[in-house]
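Following: one structure in C-alpha cells, then a few remarks.
Protein chains: 2
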Amino acid sequence: MPTVYDVARLAGVSTATVSRVMRGSDLVRPVTRDRVLAVIEEVGFVPDASAQGLSRRRKEIIGLVGLERGVNETDIERDGLLFVDVVVHAVEAVLRGTDTSLLLSFGPSGEQFHDRIRALSGKVDGLLVVEDVLAPAQLRALARRLPVVAIAASAAGAGLDVVRVDNPAGMRELAMHLITGHGYRRLGFVGGPRDAPDAVERLAAFSSAVRSVPGCTVDVVPGGDFSEASGRTAARVLLGREAIPEAVACANDQMAIGVMRELQRSGIAIPGDVAVTGFDNIFPGRVVDPALTTVGQPVRELGVRAAARLLERIEGSTEPARSETLPTELVIRRSCGCPAEAKE
Amino acid sequence: MPTVYDVARLAGVSTATVSRVMRGSDLVRPVTRDRVLAVIEEVGFVPDASAQGLSRRRKEIIGLVGLERGVNETDIERDGLLFVDVVVHAVEAVLRGTDTSLLLSFGPSGEQFHDRIRALSGKVDGLLVVEDVLAPAQLRALARRLPVVAIAASAAGAGLDVVRVDNPAGMRELAMHLITGHGYRRLGFVGGPRDAPDAVERLAAFSSAVRSVPGCTVDVVPGGDFSEASGRTAARVLLGREAIPEAVACANDQMAIGVMRELQRSGIAIPGDVAVTGFDNIFPGRVVDPALTTVGQPVRELGVRAAARLLERIEGSTEPARSETLPTELVIRRSCGCPAEAKE
DNA sequence: AACACGAATGTAACCGCTTACAACCGAGGA
DNA sequence: TCCTCGGTTGTAAGCGGTTACATTCGTGTT
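Line order of the protein sequences matches chains A and B. Residue numbering for the first sequence follows our numbering, beginning at -18 and increasing consecutively. Residue numbering for the second sequence follows our numbering, beginning at -18 and increasing consecutively.
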C-alpha cells in the first residue's frame, strides 16, 4: 500500500507537498501539482483514513445507532421498510454532499449494546441516536464526549438536540376524524412496544382525545411489538371482548394490517363493521384491501434534519440544544369508512 | 478527551500497561488491572479509533456500497424494504458478534460515486459491493487494494469473491409452474433495469424457459425501474397490445403489484383473466389481493454469507476466490391462479 | 548470599498524515 | 548590486495508540 512517502519520493517532492495536493491547497505550483497527481494516479495512492483522522482530529464519519426490532430473521425480510431504514437512507443522502461517511449499528437496547455504542463512539465524530436505545443518563454521558442528535427520542430537555415528529397532534387529528367525521363513539386502540416513545405518545394522545369527547370510550389493547403478527394477536383479543369497537386505531401500520386481516378472517367487514386505522403511512398500507387510513410522518425529513444538525454541531456550532418537532399528515383512505379516493 | 497518557498518569502506570489492560492482555497483575480500569471508568476513557487503526493496521470497519435506486424521495418512503436494506441488516447482525462496524454508502453508479468509493476504501478494512455499482475494471482495481466481496453482482470470474442467488433456476421453476401447472401458453414478462444484473438474468431465464416449450410465446415489456409505478406503466403497454398474455411474470414484486393494480383498474380479473407473478417475496406481496405468487430469495442469507466471507478475507484467508450461489424458493399464492393456500 | 528465571512493567520507536514554521527562490525596488 | 517580499517547498514535530525489547522485581536455588 503506497503512502505519502512513496508518492513524495516518486514525485521528487516532500510529503508536505503531497499532502497539500491531496487536500487541494492552492499554494502549490500547477506544474508541481500535476506531477504529484500523476504519481498518485499511477501508484493508486489512497490516504489512510486512520492516519488522517489522527492528525486532523476529524474522522469524517458519523454513527447512527438504532434498535433492531425484527429479532426473528424472517420478520425483517417480510416487513416493510423500517423506520430506521428510511432514516438511514435520508442521512446517507445528506452525507453524499460531504465527505463524511455513515457508520451503522443496530441492536436491542441493553447493557451489552451500550458497550458497543461506547466503543463505537471512538470511531466517529458525532452520533445519531434513533429512538430510545439508551437510558437518558447514558445518552447524556455520550453527549458529553461528542455531538449527539436524538431522533424520535422521548428524552426531552436532556440538554441535547432532538428531532421528532408531532405524534400527539397527528393522533388527535385522526381521532377527531373518526369521531367527528364518522360519528364513531366506541373506539379501540392497539398499542405498541412500551419502550418505543412514539408508541407511548400515540396511545396517550388517542386516549385523551377520545375521552375529551363526551360519550366516547376507548378500549385499549396494549403491548404489541409493531409487527403484523402482534396486530393479529390484538385482533383476537378484541374478538374476545363483549363488543368490538366501531373503530380501531393502531400504533402503527403493520399492526393495523394484521388487525384488519385477522378481523376479515372472522368475517368482519372493514370498514363496514369495524373501521381500522394505522400510523406511519408505509407502502403496504396502500395496497391492502381496503387501503389503510393512516397518519403520515415525514420520516425522511426527520433524518435529513437530524443529519444536518449533527454536521453543524461537528463543525462547532455552539448554539444551545434545540428540539425540533415536525408535523404529521392525515392520510385518508378507505379503511376508516371514507369513500374510495378518486386520485391514485 | 482523555488519552492513554492521562489514564497512565492517573493510575501510576505506563501507557503500555494501560494498552494491555484495554486489550485484555493477561500479563497484567489483577491489582494493577483493577486500578487502571477504575481510572478508565472514572475519566470515561474511550480509545481513539484513528490512533488504534494507525498503529494496529486494522480499522475494524468494513464498508458496504450499493445503489440508491429511489431517487425520488417519496419512493423510498413508500416502497418496501429494499434489497440492500435487508442485506445491511443481515451484515450488521453478523458484525454484532465482532467488534467490527459497518460503514455505508449508497449512490447511483457513475464516476462521481466511484471517487466516493475510492475515498471510502481508505476508511475500511474490506468492502461489500452490492449489485453492479462499479464497472468490472474498477471492481478489480478495488479488490487489489483490499478484500472485496461482491453480492448479487454479475461480474463473475473477476478473481474476487461473489455471493449470489440462482435467479435463472428460480425463474425457470416459476415459468414451468405457469406453463405446466396452469397450462398457460401466451406468456408476458415485465423487465427491470438494464443495469441490474438480477433483472437481466431473470428476463433471460424466463424467456429461454418459455421458448423451450413448443407452442409457448413470450411478450417482453422491457426496462422498468423496479418501482410500482413502472409496473403500472408496463401494464398500460400490455393493454395496448392486440392480445394480453394469459400470464405476466415480472422482474420483481413491486412491479408485479403495479401491474396487478393497473390491470384490475381496467376491469381485468386476476388471476381469472390474467395471472401475474413477481420475484423477491417482499411483505406487500402477501397482503395485496390476490396474494402474489413469487420467487423468494434468501436475501438475508446472502448478506450473512458475504459478511462472513469478507471477515475471513480480512483475517488473512488466502484461499482462491470463490463464487457461491444460493437457491431460490418458489412461493405459490393466488395471483398465478392457484387456489388460496390453506395455511397462513 | 549470590544467582537464575519468569512475571510484570516501563521505554521508546513506529504507524501515515498534517501543518506550523523555517528555508529558499526569483523578481522588483532602492 | 543588495535587499525585500510574496510565493513555493521542505523539515520535523506532533496526533494517540501499540508493541518489541529492555528493565525491574520477587522468588526459589544452590
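We put the beta carbon where it would ideally sit given N, CA and C, even for glycine.
Cα-Cα separation between Val285/B and Arg39/B, rounded to whole angstroms: 22 Å
Residues of chain B with CB under 7 Å from Ala32/A, in chain order? Leu35
Just to confirm the assignment, what range does the alpha helix (DSSP H) spanning Phe64/B have? 64 to 76
Evaluate the contact criterion for the stretch 94 to 110 of chain A versus the stretch 265 to 275 of chain A: three or more CB pairs, one atom per stretch, below 8 Å. no
Have a look at Val312/A and Ala156/A and give me their C-alpha separation to the nearest angstrom. 13 Å
Do you know offhand how far Arg213/A's Cα is from Ile160/B's? 36 Å
Beta strand (DSSP E) containing Phe264/B: first to last residue? Where Phe264/B is concerned, there is no enclosing beta strand (DSSP E), given that its DSSP letter is neither H nor E.
Which listed residue (Tyr165/B, Asp206/B, Gly140/B, Pro(-17)/B) has its alpha carbon closest to that of Arg126/A: Pro(-17)/B
Looking at the unbroken beta strand (DSSP E) that takes in Ala338/A, where does it start and where does it end? In this structure chain A extends from -18 to 325, so residue 338/A is not present and cannot be described.
Report the residues of the stretch 10 to 27 of chain A with a CB closer than 8 Å to any CB of chain B, ordered along the chain. Gly25, Val27
Between the Cα of Val158/A and those of Ser(-5)/A, Arg281/A, Arg314/A, spot the shortest distance and give me the residue it belongs to. Looking at the sequence shown, residue 158/A is not Val but His. Considering only alpha carbons, the answer is Arg314/A.
If you measure between the beta carbons of Gly47/A and Val65/A, is that distance less than 8 Å? yes
Cβ neighbour criterion (16 or more within 10 Å) applied to Ala288/B: buried
Please determine, among Asp29/A, Leu283/A, Ala185/A, Ala(-11)/A, the residue with the shortest C-alpha to C-alpha distance to Val20/A. Ala(-11)/A
Check whether the Cβ atoms of Leu141/B and Ala302/B lie closer than 8 Å to each other. yes
For Arg167/B, name the three-state secondary structure that DSSP assigns. strand
Helix, strand or coil at Ala116/A according to DSSP, with G and I counted as helix: coil
Nearest-angstrom Cα distance between Gln245/B and Arg217/B? 11 Å
Secondary structure of Val312/B, DSSP reduced to three states: strand
Can you tell me whether Val68/B sits near the ligand MN, meaning its C-beta is under 7 Å from at least one heavy atom of the ligand? Ligands displayed in this structure: none; no statement on the ligand MN is therefore possible.
Quick check: what's the CA-CA separation for Ala177/A versus Pro89/A? 12 Å
Report the option in Thr309/A, Glu223/A, Arg222/A, Leu291/A whose CA atom is closest to the CA atom of Leu76/A. Leu291/A
Phe94/A in three-state terms, based on DSSP: helix
Please list, in chain order, all residues of the same chain as His95/A whose beta carbon is under 7 Å from its beta carbon, the five residues on each side excluded. Leu115, Gln119
Grab me the residues of Val257/A's own chain with a C-beta within less than 6 Å of its C-beta, minus the 5 sequence neighbours each way, in chain order. Val229, Ala237, Val240, Met241, Ile251, Ser316
Assuming Gly259/A and Glu310/A make a contact with CB atoms under 8 Å, what is their CB distance in whole Å? About 13 Å separates the two Cβ atoms, so there is no contact after all.
Any beta carbon from chain A within less than 8 Å of Arg1/B's own beta carbon? no
Contact set between Ser316/A and chain B, taken where Cβ atoms lie within less than 7 Å: Result: empty, since nearest Cβ-Cβ is about 12 Å, beyond 7 Å.
Classify Pro320/B as helix, strand or coil using the three-state DSSP reduction. coil
Look at the Cβ atom of Arg14/B, then the Cβ atom of Val2/B, and state whether they are nearer than 8 Å. yes
Glu310/B CB to nearest chain A CB: under 8 Å? no
Taking Cβ-Cβ distances shorter than 8 Å, what residues in chain B pair up with Ile238/A? Val268
Starting from Val353/B, trace the beta strand (DSSP E) in both directions and tell me its first and last residue. This structure does not reach residue 353/B, given that chain B is present from -18 up to 325, and the question cannot be answered.
Which residue wins for smallest C-alpha separation from Val(-15)/B, given the options Asp7/B, Leu8/B, Val17/B, Cys197/B? Val17/B
Indicate whether at least one CB of chain B lies closer than 8 Å to the CB of Ser86/A. yes
Measuring straight from C-alpha to C-alpha, what distance separates Thr306/B and Ile295/A? 43 Å
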